[in-house]
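Have a look at the structure below, then the notes.
Numbering (the working numbering), first residue to last: 454 to 1619.
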C-alpha cells in the first residue's frame, strides 16, 4: 500500500505466523461441518485456546466420538431385513412425521394456555372474573368478557389456520409412497408405515423417506449422488457410498445381519456405526448414510436399510425454528405499561380511600340516603342492604375501580401491533427496490416481531464471502513453478466459444467460460520447452483431479452439443475445475474408482486410488492417482499456512520464494489463494499407504484420528507446483451501500475467515477502508502480547482523537488467533474500548463462534442495537445472537436464511431496508404505542373524574357497551391504518440524506420524555372533556345517560382529531379510517340508544336537539387540542429536529416543482 495514501500501525511482534490460525480459504464442506459439531457439543467458549481456533475444537469433538466404541446402552441395534425383530426388541419411532402443535382435543386448552402467557391477558381475565361477582358487578357480565374473548378468538383462529396447514402438509408427506422389500419383492408402501430394519429401493430423483444406510447402488463402485437442498439448502451434489461387503451381493433380498449405531441425534454431518454381515464386521461413517429429505441424483437406483424413522430422523431432530426475539421498542413499551399499571393502582387507591372517607363522614345518613340506602326495610326484619362494613366497602370500591378503569392497560395494543407489523411486512416484501431479477427473489420477512428494530440499528456485522462478494469464484491468476501468469487475457481458446472436447460425436463445452492467459495457452499448445510444459501439465492436472466435483451433462438447443456443469460442495473447487477445462484439461467423467479427463483432445483415464478430503485441522486435501503411464502420483492443494509446512523447500528455494511473493500479490488485490503441490509414490510407498488407509478405515475406534494420521504421513516432502488466485467479485452496489450506512452513523464491522491481505483489499474496494484512515493491526499468539498490543493501540487511538483538525479515522484489523486470547478474558474490556473508538473493525480468519463472540461483545456492553448479515452456515451463530439477523440467499445454501429474521438476495438491499422501511417502521410503531396509551388513558380519566362527583360509587354515566366498543370499533382502526401507511418522509429524501436515520438511533419517536409529555397532555384533555359538559349542564335536569353519550362522542371525536393532527401523508384509506370511525361511533351510539332494554333509551336524540350539545363538542375539541397545536408549532419553529426540517424542505421542494410545472404549462399554451 502506498504510504502516502494511508497509515498502518502493525501491533504484533515479529514472529513467524502461527499456522494454527484459521484458513483463509474456508472450504464450504469443512466450514459447515464445523458449525454443526460446535453447536451440538457442550458449551464452548468463543475464544478456545485449543489449537488456536474453534475449528480444531470441532475436530477434537468428532475425534472423541470416533475414539470410543459405542456402548450397548448408547447404541441402537437394527436387524437388517427383519423389521418385526428390530421393533419388538426396541421401541423405535414410526415414520410418521408430526409438525402440528394441536389436535382436535388439545387445541382449546393448549392454545388458551399459550395465549395466557401474556401477562396482560391474565390481567383482563381476572377483571372479567371479578365483574361476574355480584358485589363487584359494574358492567354487564357478557359485556365485560367481550374484549378479551374477541382477542382470544382472533388469535385462536390464526393459530388454528396455521396448524391446519401443518396437518395438511403432514398428511401429504406421510402418505407418499416408496418401494420397500416385502417377502423378497419390492412393493409400494406409504412413508408412514415404513419401519426400522426394512430395506428400501430408491430411484433417480426420488426423495429419501427416512435415514438409511446404503447397501448397494446402480454404480459398480457403489457411489450414489445426492442433493441435500431440503436438508441444508445446498443444491450441489454430494457423494455417498455403499460398503464393498454389501455391494457385491447378488441377491440383496436375502441379506441379513445387524447394524449397531449411535442413538438418534441432531448432528447431520456425523454418523458412527458398525455392520455385521456375512460374518464380517465393517465400520460405517457419515459417507455411508443418506438422510431423510435428500434426493437421489445421477444414480439409477440405490438400496438401503432403514436406521432412523419419523421424528427420530436427523432432519426432524433439527426441525426447530430460530430463537425468539423481542423488539427493543416492545421491551421499552413493557416498562411503560408497568408505569401505567402503577398509575392505575394510584387512581383506584384514590377512589377507594376517598370512598372510605365519604362513608365515615356520612355514616349516620346511610340508613335512609336514597341513592346509598344501607338498610332494607322491605321485609319484617330490617337487613343490611348491599353493605358489608366500612373495610370491605373500601376493598370492593378498589376492585370495582380496577374493573371500571381496566382499559388503562391497552389490551387492543397487542393485536394492533401484530396487525401493523403484518402490514409493514407486506409492503417490505412487495418493495420492487429490494427485488433481485436474476434470482427472481424478494425480501423475506421470517420474523415479524423485530420490524421496528430495523430503524434503530447502530452496528452491522457482515460476513465477506457471499455477503459483500458474489461467492461466484472466477479463476484469475496462476503462479506455476515461480512464474506469475497474469498477462493478457482472452475468453477464447483458439476456437470460437472456448475449449471443447469431442466425445462420441458430441461436442462438450464447460458451462461457465473462463478467461485464459495467452502465454499459458501458447506454452501448452506449442510445447517449445518440455520442462516448462511438464510443470504446467502437472499444475492443471492437479486442478482437474484434486477435488470432489461431479460433471453433469446439460442439454442445449443444439442436439450435437452439450454443456458440462461442474457440481461440487465448494465454489472454489468449481472455479478451479472450470479453469482447468478452459486450458484444455476437461474433467468429463467421475466415479468412485476413476476419473476421465480430456487433456488437449486426448482422453485419459486416471484411477482414483484414494482421497483425503479437506478437514479443519490439515486445511488441505489430497488425491492419489494411478496414471496411464502406471505411475502413482499424489496431488495436494490447500491453504498456504499449512502447505508450506509440507513442501520440501530444499528442492527449489527460488520457486518457493517466488510463489510466496505471488501469493502476497494475489491477496493484496483481494484474491483467494491456494497452493498446489505433488509427489510421486513408489510401489512400496503406495502399498504402505494402502495398508494404513484400509486399517484406519476399518478401525472401530479412533477412526478419524487414524485417517488424519495416514493423510499427514502421505502429504509430506511435496514438490511445489504453484498457486492459484481466485476472484470473488464484489456484489453490485456494495461500496455505495457501505458509504450510505456510514453516513447514517451505522458502524460496519466485517468478520471473515479470509487472509488479512485479502480482507484489507476487499475493504478498500468496498469503501469500508479509506486512504485517510490509520490502520491498527493486531496479530498476536499469546495473552501477554495481545495485552501489550491493545495498550499501545489505546494510546494511539487517544492521540488520534485529540489531535484536532489533523484527527484521522481509525480502522482496527485483528485476526482470529488474537481473538482466541482476548474474547472471554479480562482483555475484552480493552478490545471494546478500542473498537468503540474506531470507525471500522475488520476481523480476519475468525471462526463461527468467534463471530458470535464479537456480536456479544457489543450487546453485553452497550444498549445499541446490532444487526448481523451473512450467507453461510458459519454465520448462523452470529445471525442468531444479533438483535436482527439477515440471511443472504446466495450460493452457499440456506442455513443462514433459515436462521434469520429477514432474508434478501443482495447486501445493497440493506440500505432501503434500514434507511427507508426501518425508519418508517420505527416512526410508525413508536407513535402508535404512545397514541394507544393516550386514547385509553383519556377515556379512563374521564371515568375517574366522574367517580369523584358521584360519591365514589363507581356508577358510570357512559353506557357499558360504549365502553366495550371504544377500544374495539370507535378508535382501533385508524391507529392500525396510520401505523401501516403513514409516511413522514419520502423514500427519495431518506436515501438522499442517510443522516436522517439517526432519529431512530436517538429514540426520537419513542422515549421516556415523550411518554410523560403524552401523559400530561392526556391529563389536560381529560379535564377539558369532562368539566366542559359538567359546567355547561350544571344544575340542569340532564340525565346521566345523555351526558354519558356526550362524553363518549367528545372523547371519540377528540382522539381521532388528535390522530389526524399527526398524520403526515393523507391517503384515501387514512381519510376513510379516521372519518369513518367517527361516523361509526355516531351510528353505534344511536343504535344503542334506540334499544329499549338498555339504559339511556332515546337519550342521544334529546341531547342532539339542544344547541348546547354542539357548543360543548366544539369547545372540548378546540380547548383540548390548542396546547398541543401551539407546542408543536413552537418546537418546529424554534427547535426543529432533523426530521421536521426535512419534512418542511420536502414540502417546499414539492411546491417549487409544482409551480415550475404550472409555469411550463402556461408557456406551452402560449
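The C-beta atom is built at its ideal place from N, Cα and C for all residues, glycine as well. From a predicted model like this one, the values you see are computed outputs, not experimental measurements.
For the alpha helix (DSSP H) that residue 1500 lies in, which residues bound it at each end? Locating residue 1500 in the chain shown gives position 1047, counting from the first residue. For residue 1500, the enclosing alpha helix (DSSP H) starts and ends at 1493-1515.
Would the stretch 1110-1117 count as touching the stretch 1074-1086 if we require 3 or more Cβ pairs under 8 Å? Segment contact: the stretch 1110-1117 against the stretch 1074-1086, fewer than three CB-CB distances shorter than 8 Å; contact not assigned.
Span of the beta strand (DSSP E) around residue 1550: As a position in the chain shown, residue 1550 is number 1097, starting the count at 1. Residue 1550: not part of any beta strand (DSSP E); DSSP gives it neither H nor E.
Quick one: is residue 1403 buried, meaning 16 or more other Cβ sit within 10 Å of its Cβ, or exposed? Translated into the one-based positions of the chain shown, residue 1403 becomes position 950. The residue is exposed, with fewer than 16 neighbouring Cβ atoms inside 10 Å.
Determine, using beta carbons only, whether residue 1518 and residue 1435 come nearer to each other than 8 Å. Translated into positions along the chain shown, residue 1518 becomes position 1065. Translated into positions along the chain shown, residue 1435 becomes position 982. Taking 8 Å as the Cβ cut-off, residue 1518 and residue 1435 qualify as a contacting pair.
For residue 1254, is the classification buried or exposed, using 16 other Cβ atoms within 10 angstroms of its Cβ as the cut-off for buried? Position 801 of the chain shown, counted from the start, is the residue given in the question as residue 1254. It is exposed - the Cβ of residue 1254 has fewer than 16 other Cβ atoms within 10 Å.
Nearest to residue 1236 (by Cα), restricted to the options 1272, 1247, 1208, 1409: In the chain shown, counting from the first residue as 1, residue 1236 sits at position 783. If we check each option's Cα against that of residue 1236, 1272 comes out closest.
On a Cα-Cα basis, can you pick out the residue from 1484, 1151, 1419 that is closest to residue 734? Working through the chain shown from its first residue, we reach residue 734 at position 281. When only C-alpha atoms are compared, the closest one is 1151.
Option in 1008, 629, 1031, 611 with minimal Cα separation from residue 550: Start at 1 with the first residue of the chain shown, and residue 550 comes out as number 97. That would be 629, whose Cα lies nearest to the Cα of residue 550.
Go through the stretch 1305-1378 residue by residue and report every complete run of the alpha helix (DSSP H) that reaches 4 residues or more, in order. Under the rule that a run must span 4 or more residues, the alpha helix (DSSP H) segments found entirely inside the stretch 1305-1378 read 1329-1334, 1348-1351.
Relative to the C-alpha of residue 727, which residue among 738, 721, 720 is closest? As a first step, residue 727 is located in the chain shown; it is residue number 274 there, counting from the start. Of the candidates 738, 721, 720, 738 places its Cα closest to the Cα of residue 727.
Based on the DSSP secondary-structure assignment, which residues constitute the bridge partners of residue 1065? For the purposes of this step, residue 1065 is taken as residue 612 along the chain shown, with counting starting at 1. Answer is 1075, bridged to residue 1065.
Could you say which of 1566, 1542, 1469 lies nearest to residue 796 if we only look at CA atoms? Position 343 of the chain shown, counted from the first residue, corresponds to residue 796. Per the C-alpha coordinates, the member of 1566, 1542, 1469 positioned closest to residue 796 is 1469.
Determine the DSSP secondary structure at residue 1178, reduced to helix, strand or coil. The sequence position of residue 1178 within the chain shown is 725, counting from 1. Note: residue 1178 maps to strand in three-state DSSP.
Can you give the Cα-Cα distance for residue 1227 and residue 1263, rounded to whole angstroms? Along the chain shown, one-based indexing puts residue 1227 at 774. Along the chain shown, one-based indexing puts residue 1263 at 810. Computed Cα separation, rounded: 5 Å.
Could you check what DSSP says for residue 1601 in three-state terms: helix, strand or coil? Position 1148 of the chain shown, counting from 1, holds the residue named residue 1601. Correct three-state label for residue 1601: helix.
Closest residue to residue 758 among 706, 804, 719 (Cα-Cα distance): Mapped onto the chain shown, residue 758 falls at position 305. The residue among 706, 804, 719 with its C-alpha nearest the C-alpha of residue 758 is 706.
Coil, strand or helix - residue 639 by DSSP: Translated into positions along the chain shown, residue 639 becomes position 186. Taken through DSSP and simplified to helix, strand or coil, residue 639 comes out as strand.
Starting from residue 1047 and walking both ways along the beta strand (DSSP E), at which residues does that stretch end? The residue you call residue 1047 lines up with position 594 of the chain shown. First-last of the beta strand (DSSP E) with residue 1047: 1047-1052.
To which residues does DSSP link residue 1296 through a beta bridge? Here residue 1296 corresponds to residue number 843 of the chain shown, with the count starting at 1. Per DSSP, 1204, 1267.
Does residue 490 come out as helix, strand or coil in the three-state DSSP assignment? Indexing the chain shown from 1 puts residue 490 at position 37. Interpretation of residue 490 is limited by its pLDDT of 26, a score under 50 that renders its predicted location unreliable; the figure taken from the coordinates is listed afterwards. The answer is helix: DSSP assigns residue 490 an H, G or I state.
State yes or no: is the C-beta of residue 993 within less than 8 Å of the C-beta of residue 1038? Within the chain shown, numbered from 1, the residue matching residue 993 stands at position 540. Within the chain shown, numbered from 1, the residue matching residue 1038 stands at position 585. Yes. Within cutoff.
By a C-beta neighbour count over all protein chains shown, 10 Å radius and 16 as the cutoff for buried, is residue 566 buried or exposed? Stepping through the chain shown from its first residue, residue 566 is reached at position 113. Counting other Cβ atoms within 10 Å of its Cβ, residue 566 stays below 16 and is therefore classed as exposed.
Contact between the stretch 794-810 and the stretch 1401-1419 (3+ Cβ pairs under 8 Å): Touching, per the Cβ criterion.
Using the Cα positions of residue 913 and residue 606, report the straight-line distance between them to the nearest angstrom. The residue given as residue 913 occupies position 460 in the chain shown. The residue given as residue 606 occupies position 153 in the chain shown. Between residue 913 and residue 606, the C-alpha separation is close to 40 Å.
Would you grab the beta carbon distance between residue 1179 and residue 1220 for me? Rounded to a whole angstrom, and I think it's under 8 Å. The residue you call residue 1179 lines up with position 726 of the chain shown. The residue you call residue 1220 lines up with position 767 of the chain shown. Contact check for residue 1179 and residue 1220: beta-carbon distance about 22 Å, past the 8 Å limit, so the pair fails to qualify.
Give me the Cα-Cα distance between residue 1201 and residue 915, rounded to the nearest whole angstrom. Position 748 of the chain shown, counted from the first residue, corresponds to residue 1201. Position 462 of the chain shown, counted from the first residue, corresponds to residue 915. Within the model, the alpha-carbon separation for residue 1201 versus residue 915 is close to 7 Å.
Which residues in the same chain have their Cβ closer than 6 Å to the Cβ of residue 620, if we skip the five residues on either side of it in sequence? By 1-based counting over the chain shown, the position of residue 620 is 167. Correct list, in chain order: 553.
With the cut-off set at 8 Å, would you say residue 1507 and residue 1569 are in Cβ contact? For the purposes of this step, residue 1507 is identified with residue 1054 of the chain shown, where counting begins at 1. For the purposes of this step, residue 1569 is identified with residue 1116 of the chain shown, where counting begins at 1. One thing to note: residue 1507 has its Cβ within 8 Å of the Cβ of residue 1569.
For residue 1004, report the span of its alpha helix (DSSP H) as first-last. Translated into positions along the chain shown, residue 1004 becomes position 551. No alpha helix (DSSP H) holds residue 1004; the beta strand (DSSP E) holding it covers 1003-1008.
Near residue 1602, which residues of its chain fall below 7 Å by C-beta distance, leaving aside the five closest residues on each side in sequence? In the chain shown, residue 1602 corresponds to position 1149, counting from 1. Once the five neighbours on either side are set aside, residue 1602 has no close Cβ partner at all.
Out of curiosity, what's the CA-to-CA distance linking residue 716 and residue 529? Reading the chain shown from its first residue, position 263 is the one you call residue 716. Reading the chain shown from its first residue, position 76 is the one you call residue 529. Cα to Cα, the separation comes out at about 5 Å.
Three or more C-beta pairs under 8 Å: does that hold for the stretch 1194-1213 against the stretch 1233-1251? The stretch 1233-1251 and the stretch 1194-1213 do not touch, with fewer than three beta-carbon pairs separated by less than 8 Å.
For residue 1429, collect the residues of the same chain with a Cβ closer than 7 Å to its Cβ; drop the 5 residues on either side in sequence, then sort them by chain order. Numbered from its first residue, the chain shown carries residue 1429 at position 976. For residue 1429, the CB contacts under 7 Å within the same chain, skipping 5 residues up- and downstream, are 869, 872, 873 in chain order.
Going by beta-carbon coordinates alone, are residue 1082 and residue 1126 separated by less than 8 Å? Taking the first residue of the chain shown as 1, we reach residue 1082 at position 629. Taking the first residue of the chain shown as 1, we reach residue 1126 at position 673. Contact flag unset, no.
Taking the alpha-carbon positions, what's the residue 894 to residue 1210 distance? Residue numbering aside, residue 894 sits at position 441 when the chain shown is read from its first letter. Residue numbering aside, residue 1210 sits at position 757 when the chain shown is read from its first letter. Roughly 33 Å separates the two Cα atoms.
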